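In UniProt numbering, the protein residues as written are 1 to 320.
Structure first, commentary second.
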Ligand SMILES: Nc1ncnc2c1ncn2[C@@H]1O[C@H](COP(=O)(O)OP(=O)(O)OP(=O)(O)O)[C@@H](O)[C@H]1O
Ligand SMILES: [Mg+2]
């Protein structure tokens, strides 16, 4: 879907922003580009839609070299959300969202229908916001409009440069959830820049971790946390990587890995479902006056009581 082959980028001043990166990103995959400020995330992203020229190597989107795509193909195939939402201040919300369809020459009816669909998708009633200007919206609403604009021509590929970066943590968490929901339906191929490990873990199917333009690790979040490829990765994911990885695993993962006792009855305790995160389970176990913890079982009945020792055994399994 997106293929980077030995891609390097040296800026005119001599900075080697990207150094020999090869990556193969699958159809419908959500990939987060992660790393400290200046590591080359934005540069890598902008080479995909040719806002930056690459110095060496090759990038292909859906089997075609990006150099063979003209500007129109590019707009049709690749949506782009820039680092600050980049809405045009003097254009209404409707005109902002419909910039690319207008360039592609869509009919008035088709644009109207698409605008209404997108506004409903991002949870902002089209009639309420159609005639507003960007400054009349909250920061979170502006970010949503930025996402809607990138989705407007329904491109299979989305490039998103810290799209939720400017938001406070609570709004940010909510927009992340909403966006994950949208992605579950739309299944875009997404390259998403972040410098926040927690955001990356929450959103990514796989994470690309960069340092000084070089690839450090390209892996699923739990692999990055449990099996960091080098010292830098291990420092970047942080000392609480075990807790972070527990938030990625669910009750069903533990049931699949460990043989758990069968409970006679769980009336006195708290019962967790298959999809509950193990981090949530652990916080119950660490409560000053904990109630016994049980897991529901597929075949009926309960497993448990579960103890901290079970969590420890699971973590040992996952990091072995
Ligand atoms: N137009 C440019 N001309 C020269 N050097 C540049 C240019 N743009 C970026 N750089 C340099 O390339 C390197 C990578 O920059 P880039 O913007 O890709 O980093 P980033 O990972 O997106 O950082 P941030 O998290 O701060 O947005 C940096 O050293 C930067 O100074
Ligand atoms: Mg950047």
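Glycine included, C-beta positions come from ideal geometry on N, C-alpha and C.
Computed from a predicted structure; not experimentally measured.
Worksheet item: Just to check, is the beta-carbon of residue 83 closer than 8 angstroms to a non-hydrogen atom of ligand 2?
Response: yes
Taking only the alpha-carbon atoms, compute the straight-line gap between residue 115 and residue 83 and give it to the nearest angstrom. 23 angstroms
Start-to-end residues for the beta strand (DSSP E) that takes in residue 160: 157-161
Worksheet item: Going by the CB atoms, is the gap between residue 85 and residue 61 shorter than 9 angstroms?
Response: A distance of 9 angstroms or more separates the beta carbons of residue 61 and residue 85.
Reduced DSSP secondary structure (H/G/I, E/B, other) of residue 51: coil
query: From this set, 219, 41 and 226, which residue's C-alpha is nearest residue 316's C-alpha?
result: Minimum Cα-Cα distance from residue 316 among the listed residues 219, 41 and 226 corresponds to 226.
Measure from the C-beta of residue 27 to each C-beta in chain C and report whether the shortest distance is under 9 angstroms.
-> Absent here is chain C; the protein component of the structure consists of one chain.
Outcome for residue 250 when other beta-carbon atoms lying within 10 angstroms are tallied against a minimum of 16:
Buried, because 16 or more other Cβ atoms sit within 10 Å of the Cβ of residue 250.
Exercise. Going by the CB atoms, is the gap between residue 21 and residue 48 shorter than 9 angstroms?
Worked result: no
Would the C-beta of residue 193 count as close to ligand 1, meaning under 8 angstroms from any of its heavy atoms? yes
Decide yes or no for the touch test of the segment 206-217 against the segment 165-177: beta carbon pairs closer than 8 angstroms, at least 3 of them. Using a C-beta cut-off of 8 angstroms, the segment 206-217 makes no contact with the segment 165-177, since fewer than three inter-stretch Cβ pairs fall below that distance.
At what residues does the beta strand (DSSP E) containing residue 19 begin and finish?
16-25
Is it the case that the CB of residue 162 approaches a heavy atom of ligand 2 more closely than 8 angstroms?
-> Yes, since a heavy atom of ligand 2 falls inside the 8 angstroms radius drawn around the Cβ of residue 162.
Inset, instruction - Output the distance between the C-alpha atoms of residue 199 and residue 158, rounded to the nearest integer angstrom. - result: 17 angstroms
In chain order, each alpha helix (DSSP H) run of at least 4 residues that lies wholly inside the segment 122-206: 126-129, 139-151, 169-186 and 197-203
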